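First comes the structure, then the notes that go with it.
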Amino acid sequence: MNDKISIIVPVYNVEKYLPQCMDSIIFQTYQNLEIILVDDGSTDSCPQICDDYALKDERVRVIHQKNTGVAVARNMGLGILTGDFVAFVDPDDILAPHFYENMLRCLIENNADIVECDFINFTSEIDITLDLSSVAIREKIYDAEKALELLMKEEIKQMPWNKLLTAEICKGVLFPAGKKHEDDFWAYQIFGNAKKIIKRDEILYFYRQHNESNMGRQYNLTRLDGLSAIENRIEYIQNHFPNLETLAINKFCFGSLWHYQQIENNPELDPQMICRSKILEDVKGYNKWSLIKQWKLKEIFWYQFFINAPNICIGFRNLINKGK
68 MNDKISIIVP VYNVEKYLPQ CMDSIIFQTY QNLEIILVDD GSTDSCPQIC DDYALKDERV
128 RVIHQKNTGV AVARNMGLGI LTGDFVAFVD PDDILAPHFY ENMLRCLIEN NADIVECDFI
188 NFTSEIDITL DLSSVAIREK IYDAEKALEL LMKEEIKQMP WNKLLTAEIC KGVLFPAGKK
248 HEDDFWAYQI FGNAKKIIKR DEILYFYRQH NESNMGRQYN LTRLDGLSAI ENRIEYIQNH
308 FPNLETLAIN KFCFGSLWHY QQIENNPELD PQMICRSKIL EDVKGYNKWS LIKQWKLKEI
368 FWYQFFINAP NICIGFRNLI NKGK
């Protein structure tokens, strides 16, 4: 194997973790790498750290830009890459030493477009010192339609960082600037472009889990971007994979119910009920028997309950949640 892999790393104020992340990339067992560091206007020592790595390793390319967000940073990397394959890494995470060797071999041997590996969340380095050498590796192969079905069922993950992709399927698919949940907008289009997708249960990526404050875990309206992505996905599915339309609508409607419930329980976020009214209006647009007849009876019940008596429905669901 001698194909070049372009690795895109968006960097913003992670000086504490960036060196460890970079070392896990640079010392991979597979060495034909193009490492693109996009410094997104960091105000700590990250710009210097990036430049230092570029001086030490000719495979490292650095771009410094004003702070415009992770989506624009990733898009910048996509615009300049020269590799045959594409990977993404978050700058505070860590890769297993054989991440790219194993993923590329899997991709090439199966003539696939995407391979996804398993990952572990960690909070300290002790969590990643695991001996996984004796664990049997299983692979499952899917076409685009089945992979999209599993993506909507959350059995395949939407995040880009646990995947290796052909550069070809990434052409023309950008992350939306200024949106939260940018992965949700990106993933379904990438999977739709692929002919063969492999889900590999080998743990090769270690995702750093930061301790969030209570404030950080609270619901806020920026999370509605995720709902917009799910709604956009419906149109894409209708145009390209019509067999999945019912499932796509189901996921949107019940995602809408969840968001409505969160806002209803925090009414100060939406004092004029603008967001809740729009959610309800959008969900009612799918109240057609031809679209929901394949749902489970329980799902049809909750959907009709929600669109006809939203406040009572939410109150009832809150009571159920309290009893759990």
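According to the working numbering, the sequence shown is numbered sequentially starting from 68.
From the three backbone atoms N, C-alpha and C, an ideal C-beta is built for every residue, glycine too.
Values in this document were obtained by computation on a predicted structure and should not be read as measured data.
Point to revise | For residue 332 and residue 366, the rounded distance between their alpha carbons | key: For residue 366 and residue 332, the gap between their C-alpha atoms comes out near 22 angstroms.
Check your understanding: What's the C-alpha gap between residue 292 and residue 93?
Key -> If you take the alpha carbons of residue 292 and residue 93, they lie about 35 angstroms apart.
Check your understanding: Got a sec? Which residues, its chain only, sit under 7 angstroms from residue 81 by beta carbon, not counting five neighbours each side?
Key -> So the qualifying residues of the chain are 113, 158, 159.
Exercise for review: May I have the straight-line CA-CA distance separating residue 341 from residue 347, to the nearest angstrom?
Suggested key: Here the alpha carbon of residue 341 sits roughly 10 angstroms from the alpha carbon of residue 347.
Check your understanding: Does the distance from the C-beta atom of residue 181 to that of residue 267 stay below 8 angstroms?
Key -> Not a contact, by the Cβ cut-off of 8 angstroms.
Check your understanding: Thinking C-alpha only, which one of 325, 285, 116 is nearest residue 382?
Key -> Ranked by Cα distance from residue 382, the options 325, 285, 116 are led by 325.
Point to revise | Residue burial classification, residue 103 (beta-carbon count within 10 angstroms, cutoff 16) | key: It is buried - the Cβ of residue 103 has at least 16 other Cβ atoms within 10 Å.
Review point. Quick one: what does DSSP say residue 112 is sitting in, helix, strand or coil?
Key: Coil at residue 112, not helix or strand.
Review point. How should residue 328 be labelled, buried or exposed, when 16 other C-beta atoms within 10 angstroms of its C-beta is the threshold for buried?
Key: Buried, by the Cβ-count rule.
Exercise for review: Report the residue from 68, 97, 191, 386 whose alpha carbon sits nearest the alpha carbon of residue 275.
Suggested key: Here the closest residue by C-alpha is 191.
**Study point:** Outcome for residue 281 when other beta-carbon atoms lying within 10 angstroms are tallied against a minimum of 16
**Key:** Any reading at residue 281 needs caution, since the residue's pLDDT is 42, under 50, leaving its predicted position unreliable; the model's value is listed next. Under this definition residue 281 is an exposed residue.
Check your understanding: For residue 344, is the classification buried or exposed, using 16 other Cβ atoms within 10 angstroms of its Cβ as the cut-off for buried?
Key -> It counts as exposed.
**Study point:** the stretch 163-170 touching the stretch 235-246, judged by at least three CB pairs closer than 8 angstroms
**Key:** The stretch 163-170 vs the stretch 235-246: no contact.
Check your understanding: Can you tell me the Cα-Cα spacing of residue 310 and residue 371, whole angstroms?
Key -> Each residue's alpha carbon lies about 23 angstroms from the other.
Exercise for review: Helix, strand or coil for residue 73, going by three-state DSSP, please let me know.
Suggested key: Residue 73 falls in the strand class under three-state DSSP.
Point to revise | Three-state class that DSSP yields for residue 186 in the structure shown | key: Assignment of residue 186 by DSSP, reduced to helix, strand and coil, places it in the strand class.
Exercise for review: Could you spell out where the beta strand (DSSP E) holding residue 313 opens and where it closes?
Suggested key: Boundaries around residue 313 are those of the alpha helix (DSSP H), 312-331, since no beta strand (DSSP E) includes it.
Exercise for review: Could you name the residues of the same chain whose beta carbon sits closer than 7 angstroms to that of residue 378, not counting the 5 residues immediately before and after it, in chain order?
Suggested key: Leaving aside the five residues that flank residue 378 on each side, none in its chain has a CB nearer than 7 angstroms to its CB.
Exercise for review: Report the rounded CA-to-CA distance for residue 189 versus residue 217, giving the unit in angstroms.
Suggested key: Straight-line Cα distance between these residues: approximately 25 angstroms.
Point to revise | One or two residues paired with residue 157 in a DSSP bridge | key: Residue 157 is not bridged to any residue.
**Study point:** Cβ contact (3+ pairs, closer than 8 angstroms) linking the stretch 69-76 and the stretch 144-156
**Key:** Judged by Cβ distances under 8 angstroms, the stretch 69-76 makes contact with the stretch 144-156, as three or more pairs qualify.
Check your understanding: Are the stretch 208-215 and the stretch 234-241 touching, with three or more C-beta to C-beta distances below 8 angstroms?
Key -> With the cut-off at 8 angstroms, the stretch 208-215 and the stretch 234-241 do not touch.
Review point. DSSP state of residue 373, grouped into three classes?
Key: In the three-state reduction of the DSSP assignment, residue 373 falls in the helix class.
Check your understanding: When you compare only the Cα positions, how much space is there between residue 227 and residue 170?
Key -> Looking at the two C-alpha atoms, the distance is approximately 14 angstroms.
Point to revise | Rounded separation between residue 271 and residue 229 - CA only | key: Residue 271 and residue 229 have their alpha carbons spaced roughly 8 angstroms apart.
Review point. Can you tell me the Cα-Cα spacing of residue 308 and residue 148, whole angstroms?
Key: Cα to Cα, residue 308 sits roughly 30 angstroms from residue 148.
Point to revise | Whole-angstrom C-beta distance between residue 175 and residue 68, which should lie under 8 angstroms | key: About 6 angstroms separates the two Cβ atoms, so the contact holds.
**Study point:** Nearest candidate by alpha-carbon position, reference residue 119, set 136, 100, 86
**Key:** Considering only alpha carbons, the answer is 86.
Review point. Is it right to say residue 124 is buried, meaning 16 or more other beta carbons lie within 10 angstroms of its own, or is it exposed?
Key: Per the 10 Å Cβ criterion, exposed.
**Study point:** 6 angstroms CB neighbourhood of residue 252 in its chain, flanking five on each side removed
**Key:** Within the same chain, residue 252 has close Cβ partners 243, 296.
Check your understanding: Using the C-alpha atoms, what's the distance from residue 384 back to residue 390?
Key -> If you take the alpha carbons of residue 390 and residue 384, they lie about 10 angstroms apart.
Check your understanding: What is the DSSP secondary structure of residue 137, reduced to helix, strand or coil?
Key -> Correct three-state label for residue 137: helix.
**Study point:** Contained beta strand (DSSP E) runs [length at least 3] in the stretch 233-282, N- to C-terminal order
**Key:** The qualifying runs are 264-275.
Exercise for review: Check the C-beta distance from residue 138 over to residue 128 and give it rounded, since I have them as a contact under 8 angstroms.
Suggested key: In fact, because the Cβ distance is near 19 angstroms, the residues do not count as touching under 8 angstroms.
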